[in-house]
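Let me begin by presenting the structure, written as structure tokens, before commenting on it.
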Amino acid sequence: MGKIILTGDRPTGRLHLGHYVGSLKRRVELQNSGEFEKIFIMIADAQALTDNFDNPDKIRDNIIEVALDYLSVGLDPAKTNMFIQSVVTELTELTFYYANLVTVSRLERNPTVKTEIKMRNFETSIPVGFFTYPISQASDITAFKATTVPVGEDQLPMIEQTREIVRKFNTTYNADVLVEPDALIPTNQICSRLPGTDGKAKMSKSLGNCIYLSDPEDVVKQKVMSMFTDPDHIQINDPGKVEGNAVFTYLDAFATDEDFAEFLPDYKNLDEMKEHYRRGGLGDVKCKKLLLNVINKELAPIRARRKEFEKDIPAVYEILRKGTEVARAEAAQTLSEVKAAMRINYFDDAALIQGQQEKFNS
Ligand code: ATP
Ligand code: MG
42 MGKIILTGDR
52 PTGRLHLGHY
62 VGSLKRRVEL
72 QNSGEFEKIF
82 IMIADAQALT
92 DNFDNPDKIR
102 DNIIEVALDY
112 LSVGLDPAKT
122 NMFIQSVVTE
132 LTELTFYYAN
142 LVTVSRLERN
152 PTVKTEIKMR
162 NFETSIPVGF
172 FTYPISQASD
182 ITAFKATTVP
192 VGEDQLPMIE
202 QTREIVRKFN
212 TTYNADVLVE
222 PDALIPTNQI
232 CSRLPGTDGK
242 AKMSKSLGNC
252 IYLSDPEDVV
262 KQKVMSMFTD
272 PDHIQINDPG
282 KVEGNAVFTY
292 LDAFATDEDF
302 AEFLPDYKNL
312 DEMKEHYRRG
322 GLGDVKCKKL
332 LLNVINKELA
342 PIRARRKEFE
352 KDIPAVYEIL
362 RKGTEVARAE
372 AAQTLSEVKA
382 AMRINYFDDA
392 ALIQGQQEKF
402 NS
């Protein structure tokens, strides 16, 4: 069987640099590698509603933003099915059955859910929908028999949970229906969890510490210039810390040796620059200006493509509609196999009716 990709994003805002280095860039490379039989990229509106149920317009408005971000980074509808999660109702049905295979204590142990509950101040009253979203993610992945899930590090516990559900399902129902997926996380530690511009552990829409792919140049400039650095690096000549300094973390994620030749030939590469910063004598503004150039170079073609797609919004919805249709057919096929394995496919099973007739006649 060929390799299949499923991954996605919550339409809770525009996509940011964390998404880009953690997942989007890789998706485009994988899409163009020709190694995958099918690729599904999901806009996870139903999942986003689990912690935004009281603000459906936010989700509604951000679906098109995420779709535009996808197209502008180079996801190509001819190779990749982009779809809207809630329209594929088969996913909800799968979730209901998988819920039987998971315990409350197992969900409570999920470290990502734990952190997110704290972040959202849900500790005293966790919405059930939010608490169980890892089960719904298992449905998303298995509905497409995905082998490969390119995601950031925060998603590893979800993939593990999915693998457990797959094993439990296949053994409980003595079936070979569901496929155990593998996570594909960036090999580079920084890219698998890019920190925020405030230096916090993760750039995240919910934390308001993002540089968005669609931010215009002046907004990126303002964000970069006010970025968190080393609070003890007050005078230029003070020795500076590179670790935990968001500007250097971003340079680690984005800057190449060619960027130095182009924008800051005083240094051959990032190691030389870090060395100078540590020693003292290198100011934050110079570092930030380099970072600004590097980020703008990466974002310029993305911004330009977005402008083009923004001219025909109905066409973008049409791309999603078509992608969703393909996704739905695929999920329906898996759901029917799941129901057959669970022996709840009553009307599709002529032998059942025949067998029951014989039982009552004997
Ligand atoms: P929210 O705050 O609404 O949860 P988010 O910014 O965490 O939004 P998601 O839509 O939850 O974004 O994540 C989509 C994908 O992007 C996931 O694969 C996730 O691992 C990855 N991702 C998100 N933030 C980062 C980051 N800072 N670094 C690397 N990968 C990230
Ligand atoms: Mg998230």
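Its first residue numbered 42, the sequence shown is counted upward by one per residue in our numbering.
Glycine is no exception: its CB is placed at the ideal position from the N, C-alpha and C atoms.
It should be emphasised that the depicted structure is a prediction, and the values quoted were computed from it without experimental measurement.
DSSP places N211 inside the alpha helix (DSSP H), whose first and last residues are 197 to 213. In this structure the region 189 to 205 does not lie against the region 163 to 173, because fewer than three pairs of beta carbons, one per stretch, are closer than 8 Å. Note: V143 is not bridge-paired with any residue in the DSSP secondary-structure output.
Between the ligand ATP and the CB of Q196, the shortest heavy atom gap is smaller than 6 Å. R51 has its CB nearer than 6 Å to a heavy atom of the ligand ATP. As DSSP reads the structure, V190 sits in a beta bridge with A224.
Scanning its chain for C-beta atoms nearer than 7 Å, with the 5 sequence neighbours on each side dropped, one finds around Q72 the residues I80, L116, D117, K120, T121, in chain order.
In terms of side-chain proximity, the C-beta atom of H60 is found nearer than 6 Å to a non-hydrogen atom of the ligand ATP.
Taking a cut-off of 8 Å on C-beta distances, the region 296 to 305 touches the region 323 to 342, as three or more cross pairs fall below it. Looking at the DSSP output, L47 bridges to F81. Take I182, set aside five residues on each side of it, and the residues of its chain with a beta-carbon closer than 7 Å to its own are L47, V190, T203, P222, in chain order. For K264, the shortest C-beta to heavy atom distance toward the ligand ATP is 6 Å or greater.
Residue state for M42 is assigned as coil, using DSSP reduced to three classes.
Sequence-distant Cβ neighbours of L132 in its own chain, meaning closer than 8 Å and more than five residues away, are A87, Q126, S177, S180, D181, A184, A372. Shown here for S64: same chain residues with a beta carbon closer than 7 Å to its own, the five before and five after excluded, namely T48, P191, V192, G193 in chain order. Only residues of its own chain outside the window of five on either side were considered, and among them G170, F171, Y174 have a CB closer than 6 Å to the CB of T91, listed in chain order.
Between S113 and I394, the C-beta gap is not smaller than 7 Å, which leaves the two residues out of contact.
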